[in-house]
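S.K.: With the working numbering applied, the sequence shown corresponds to residues 648 to 774, in that order.
The beta carbon of each residue, even a glycine, is placed where N, CA and C say it ideally should be.
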Amino acid sequence: MAEAKKYEMAVVVTPHYIAEQSDPAINRHVFSYSVTISNTGNVPAQLISRHWIITDAEGHVQEVRGLGVVGHQPLLAPGQSFEYTSGCQLATPVGTMKGCYQMTAEDGVQFEAPIAEFVLSMPRVLH
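#1: Using the Cα positions of residue 775 and residue 673, report the straight-line distance between them to the nearest angstrom.
#2: Taking the continuous beta strand (DSSP E) assigned at residue 769, which residues delimit it?
#3: If you follow the beta strand (DSSP E) that residue 705 is in, where does it begin and where does it stop?
#4: From residue 744 to residue 688, what does the alpha carbon distance come to, in whole angstroms?
#5: Flag this pair as yes or no: are the beta carbons of residue 733 and residue 680 separated by less than 8 Å?
#6: Measuring alpha carbon to alpha carbon, tell me which residue in 771, 700 and 677 is nearest residue 668.
#7: Please confirm whether residue 656 and residue 695 have their CB atoms less than 8 Å apart.
#8: Using C-beta distances below 8 Å, list every residue in its chain close to residue 690, excluding the 5 sequence neighbours before and after it, in chain order.
#9: Label residue 675 either buried or exposed according to how many other C-beta atoms from any shown protein chain fall within 10 Å of its C-beta, with 16 as the threshold for buried.
#10: Please tell me whether residue 748 and residue 764 are closer than 8 Å, where the distance is taken between their beta carbons.
#11: Just to confirm before moving on: does the CB-CB distance between residue 686 and residue 737 stay below 8 Å?
#12: Grouping DSSP H, G and I as helix and E and B as strand, with all else coil, what is residue 736?
#13: Are the CB atoms of residue 708 and residue 731 within a distance shorter than 8 Å?
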């Protein structure tokens with residue numbers, strides 16, 4: 648009997664505050680975040696698009712949608728990973744990001760890879 652198909656991606660995000668590009672005096676806080684997307688399922692799948700929800704400490708929300716990530720639409724075989732770094736700017740020293748990637752498996756099945764909420768924080772702001 649054939650193994651059941653599993654459509655699963657693991658997403659790990661590591662955020663960083665970029666002090667040299669930030670200027671708190673004018674409410675400019677720049678962050679980078681490194682993302683690792685790993686195919687933990689058993690079917691090859693391609694990242695088609697992304698949807699981010701970025702919220703600052705005052706509750707202002709930016710939604711970002713687009714094709715691929717940093718100009719790529721990686722096709723990940725089971726066990727493969729893709730890493731990239733991107734960034735965003737907030738008016739507050741703390742905020743959050745969350746979202747999902749829209750994936751299409753080799754067999755045409757579409758599914759989402761959720762990105763758990765993570766905190767963007769200027770050092771020494773959160774305890």
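M.R.: Reading it off the structure:
#1: Residue 775 lies beyond the residue range present for the chain, which begins at 648 and ends at 774; the question has no answer from this structure.
#2: From DSSP, residue 769 is part of no beta strand (DSSP E); its letter is neither H nor E.
#3: Unbroken run through residue 705: none, as it is neither H nor E.
#4: 25 Å
#5: Cβ distance < 8 Å, so residue 733 and residue 680 count as in contact.
#6: 677
#7: If you check the CB distance, residue 656 and residue 695 do not come in under 8 Å.
#8: In chain order, 652, 653, 654, 725, 752, 753, 754 and 756 place their CB closer than 8 Å to the CB of residue 690, counting only its own chain and leaving out the 5 sequence neighbours on each side.
#9: exposed
#10: no
#11: no
#12: strand
#13: no
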